[in-house]
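Counting in the working numbering, the sequence shown runs from 1083 upward without gaps.
For glycine and all other residues, C-beta sits at the position ideal for the given N, C-alpha and C.
As the structure is a prediction and not an experimental result, all values here were calculated from the model.
Working notes for the structure below.
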Amino acid sequence: ANMSQSNNWEFTESEHYMRLVPTQPTIGGPDKIEVAEFFYYGCIHCMTFEPIVNAWKKDIPNNARFVRVPALWNPLLRLHGRMYYTKEVLVNNGKLKDPEGFRARIFKEYHNKKNFMTSASAIQKIFADFGISEDDFNNTFESFEVAQKLKLQLKKLELIRLLSDQMLKRKRLGRDIYM
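Given below as structure tokens:
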């Protein structure tokens, strides 16, 4: 859907969605709508939804920004989060040339090959298939930059969890769940 052609919103705040208060930090600035996809590679729905998201991203309005947010609620997902941010840094450094192909490969490894990528060495083998040397992988995977991205995301997710806990408590008390 090309939303840039119309400002007639089909959704109403408090009816179809809720505003997070306090507002969560975004990179795009206050004049940008940030659409965040929370995902994990082991989620079959995330894999199935991938072509739809990729098609939608092609027509994203100028006043919107799309970000992917890896789920990080257990040690395996944190390892996969480190993989995600390693990919992001290697793409930004110009070393990983096919980020969409890499992402598709990770989903296929998990769901089709039952390779759950439970170690850095298992993850490194996939990066190698995309032309990333073992040194480049290790230096990036264990880098301060990747560690900081992971740490920041963990803090954001904790804040969102706290806000959702507050909303659930309010609903249980029979109050309006929207802040």
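Please classify residue i: is it buried, with 16 or more other beta-carbons within 10 angstroms of its beta-carbon, or exposed?
| i | result |
| --- | --- |
| LYS1169 | buried |
| LYS1231 | buried |
| GLY1213 | exposed |
| HIS1162 | buried |
| TYR1099 | exposed |
| ILE1205 | buried |
| ILE1126 | exposed |
| SER1096 | exposed |
| ILE1115 | exposed |
Which residue comes first and which comes last in the beta strand (DSSP E) that contains residue i?
| i | result |
| --- | --- |
| PRO1152 | 1146 to 1152 |
Between the C-alpha atoms of residue i and residue j, what's the straight-line distance to the nearest angstrom?
| i | j | result |
| --- | --- | --- |
| VAL1151 | PHE1093 | 23 Å |
| VAL1135 | LYS1238 | 23 Å |
| VAL1173 | GLU1182 | 10 Å |
| PRO1133 | LYS1140 | 11 Å |
| GLU1227 | LEU1234 | 11 Å |
| ASP1218 | GLY1124 | 26 Å |
| GLY1111 | ASN1175 | 24 Å |
| ASN1144 | ARG1101 | 21 Å |
| TYR1166 | ASP1113 | 27 Å |
From the DSSP output, in three-state form, read off residue i for me.
| i | result |
| --- | --- |
| PHE1121 | strand |
| GLU1092 | coil |
For the alpha helix (DSSP H) that residue i lies in, which residues bound it at each end?
| i | result |
| --- | --- |
| GLY1163 | 1157 to 1174 |
| ASN1221 | 1216 to 1223 |
| HIS1098 | First-last for HIS1098: undefined, no H or E at that position. |
| PRO1181 | 1181 to 1193 |
| LYS1207 | 1202 to 1211 |
| GLY1132 | A small fix is needed here, since residue 1132 is Glu in this sequence, not Gly. GLU1132 -> alpha helix (DSSP H) spans 1126 to 1140. |
Which whole-angstrom value describes the C-beta separation of residue i and residue j, a residue pair presumed to lie in contact below a C-beta threshold of 8 Å?
| i | j | result |
| --- | --- | --- |
| ALA1146 | PHE1120 | The pair is not a contact, with the Cβ atoms about 17 Å apart (cut-off 8 Å). |
| VAL1149 | ALA1186 | With 8 Å as the limit, VAL1149 and ALA1186 do not qualify as a contact, their Cβ atoms being about 19 Å apart. |
| LEU1158 | THR1222 | No, LEU1158 and THR1222 are not in contact; Cβ-Cβ is about 20 Å, not under 8 Å. |
Is there a Cβ from chain D that is less than 9 Å from the Cβ of residue i?
| i | result |
| --- | --- |
| GLU1092 | Here there is only one protein chain, and chain D is not present. |
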